[in-house]
Structures are given as structure tokens and as C-alpha cells.
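Notes for the one structure printed next.
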Ligand SMILES: [Zn+2]
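Numbering (the working numbering), first residue to last: 24 to 364.
And the structure:
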């Protein structure tokens, strides 16, 4: 590679760690392994921005890339935040230090680095990476939807290769889309509640929090004497449900089947909204045992009601390399910006 060729840097800011990558103008990632540096977000914005600058310097050192070659930086963080990277005025799980409220994270990093910084929330960044990884050069002509199941429900909507952000930056909040519950809930099952205040949205079913607060307590009533009923507290039991599912435990499989149905119903809504070329599934399930993962993806597909033309035109895939997806998606967004100029 020429010494003067342009590159962009992707910085993924997480609750405990920063992760970084470098992307060249041809779309090649110069980093294969995970680069992690403590994110120090709990110590407030000044310390965290300094930690990101350190991550930036570190990834350039590791790739032997001269700083003068960097044209832009992509930043992604957990939400909630504005489309332009201003952290929510209410704070959030990851940004509980009072200094974060209404903090312009993107602007602050841009100032410190003296480089253009492009912002996305982590779900959108991972969705963008999945999209480009699957479609390659055709990515700018394709649309996709990603459901990333973790503690909450993240992801995003991509249309013609671009993250759909919306007027207030709140598009693609798929976890808080209400889904039809008829035939999804058992006759005696209460409507699940979400931390956002809604009842019966996608996250209230399909998230670790949804298992802990809603699904597990109900299904333990249906399976009295189940080993997980003896695990305290319920948050600990919730984390064990996946391992039980991988081992074929009937109750765990019913919980995951209910999650898969909920995701399928959300994808059905997407099919009628943006009719995407790809439906991505990511999160903990990607790291699960292959047989269980395939079973789960099949259940999601079975519960997504597509028309025949849509079945032929679309595909179901897993979000690849999830631990690197945020940094890589952030870098892709930065490269798009450079190309657009
Ligand atoms: Zn919600």
C-alpha cells in the first residue's frame, strides 16, 4: 500500500472497553484481532474521551499507519443518544456519571482529534457492518434489518447502504416496536413489560432482560420443580437459560421458541415496511452452539410471514464477528462520509 493512501479509523466505545479498527480506501480492514483498551466511561466524559484518543493512537501504532493518512473517524457507543452523538439527557446504563447528560460525545472527540467524526449507536454500527459484509460492492443498492439480542434488543435498519436515522435519531429502535401477541402468548401468560414503559414490544420478549423479568418467571410456573427455579437470584438463572437450551432442555427451548416467534413477528412488520434484502440476527445466540443457533434461526424464519416473491428476494443471516462489528461498522460509516465528499 502507498504510504499516503487514505484510511479511516473505527472506534467502538463500550461500557467497559474500547475496540478499534482501521479501514483503507478499498474497504479492507487492517486489523484482524480484537484491540481492547479500558473505556473508563464510568469516570465521566473527560476521562473517557482521553481513553478514546489513546485507543486511536494505539490502533495506528499497531497497524503502522501514519496519522496524516486518517481522513475521518467513526465512533459508536451504546444508546440512547441523538443521531449526532449527544448522550441522552436522562443518562443511561452506560453513561450514569452526571457529566454525560446532554454531552456531545461526537463533537468532543472531533475537537480532540481535529478530524471529522461520524457517529452511530452500537446497534446501528453492527447492522451496517453485517450489511456491508454480506453484500460487498452491492451494499449501496441493498436494504437490511438487524435484530441483535443481548441485555436489551439492539440493531438497525439499513436502506440503500445507509443507516436509517430518522428525524430525532430514533429510527431503528426495533426493540420498542409493539408486536402482535395473539397466538404468541400462552392463554394464562401476562403481557411482558419492557423497561421503556411499553408492554408487549419486541424487547420485552427477545432480550436477556425479557427472559429475566417476563419469560422465565412465567415458564418456571409451568415447569414446577425445574432446576432453574432453585437458582437465586432470577438474573443469574436467566443467564443460564441459553446453556439449558443448547442441551435440549424443554422449558428453555420453549422460552427461546417464544423469543424466535417474537423476532419473526417483528421481521414480518419489517417485510411490510421496507421489504429488506436481508434479515440479520445477532447477539448471544451467534455465540451459541451451532446446532442450537441453526434451530433458533430456523424458528425465526418460520415465524416471519413473507410473500413468495419476498422469500425468493431475501435471505436470513447471522451478524458476523460480533465483537468487532461495532468498530467495523463505525469505520464503514466514516468511509462512506469520505466517499460522499
Ligand atoms: Zn421497549
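Glycine residues also receive a C-beta, built at the ideal position from the N, C-alpha and C atoms. As the structure is a computational prediction, the values presented were derived from the model and not from experiment.
Per DSSP, reduced to three states, the secondary structure at residue 284 is helical.
Counting only unbroken stretches of 3 or more residues, the beta strand (DSSP E) elements lying wholly within the stretch 172-210 are 176-182, in sequence order. Contact annotation: residue 226 and residue 233 have beta-carbon atoms nearer than 9 angstroms. Within the same chain, 60 come within 7 angstroms of residue 77 by CB-CB distance, once the 5 residues on both sides are set aside.
Following the DSSP letters along the chain, one finds residue 355 inside the alpha helix (DSSP H) bounded by residues 345-363.
Residue 154 and residue 260 have their alpha carbons spaced roughly 34 angstroms apart. With contact defined as three or more Cβ pairs closer than 8 angstroms, the stretch 158-169 and the stretch 234-253 are not in contact. With contact defined as three or more Cβ pairs closer than 8 angstroms, the stretch 350-364 and the stretch 137-152 are in contact. Proximity of the stretch 102-122 to the stretch 295-304 falls short of the contact definition, fewer than three beta-carbon pairs being nearer than 8 angstroms. Short note on residue 111: C-beta not closer than 8 angstroms to any heavy atom of ligand 1.
Around the beta carbon of residue 334, fewer than 16 other beta carbons sit within 10 angstroms, so the residue counts as exposed.
Sorted by position in the chain, 199, 217, 219, 221, 224, 226 make up the residues whose C-beta lies under 5 angstroms from a heavy atom of ligand 1. Counting C-beta atoms within 10 angstroms of its own C-beta, residue 282 has 16 or more neighbours from the protein chains shown and is therefore classed as buried. DSSP lists no bridge partner for residue 82.
Between residue 351 and residue 37 the beta-carbon gap is near 14 angstroms, outside 8 angstroms, which marks them as no contact. Nearest C-alpha to residue 83 among 53, 68, 110, 66: 53. By the Cβ neighbour-count rule, residue 128 is buried, with 16 or more other Cβ atoms within 10 Å of its own. DSSP lists 144 as the bridge partner or partners of residue 100. The beta-carbon distance between residue 309 and residue 316, rounded to whole angstroms, is 7 angstroms. This is short enough to meet the 8 angstroms contact definition.
Three or more beta-carbon pairs separated by less than 8 angstroms link the stretch 137-144 to the stretch 89-97, which places the two stretches in contact. Pairing residue 203 with residue 277 gives a Cβ-Cβ distance that is not under 9 angstroms.
Only residues of its own chain outside the window of five on either side were considered, and among them 35, 42, 99, 145, 148, 149 have a CB closer than 7 angstroms to the CB of residue 349, listed in chain order.
DSSP places residue 254 outside any alpha helix (DSSP H), giving it a letter other than H or E. No Cβ-Cβ contact shorter than 9 angstroms links residue 245 with residue 300. Per DSSP, the continuous beta strand (DSSP E) segment holding residue 340 begins and ends at 338-341. In this structure, the beta-carbon distance from residue 205 to residue 236 does not fall below 9 angstroms.
For residue 133, the enclosing alpha helix (DSSP H) stretches over residues 128-136. Here residue 160 carries a helix assignment [DSSP, helix/strand/coil]. Between residue 327 and residue 291, the gap from beta carbon to beta carbon is short of 9 angstroms. DSSP places residue 233 in the helix class (H, G or I) of the three-state scheme. Residue pairing for residue 169: DSSP places it in a beta bridge opposite 179, 303. Annotation for residue 112: 124, 125 place their beta carbon closer than 8 angstroms to its own, counting only its chain and skipping 5 residues before and after. Inter-residue distance for residue 243 and residue 213 is about 13 angstroms (C-alpha atoms, whole angstroms).
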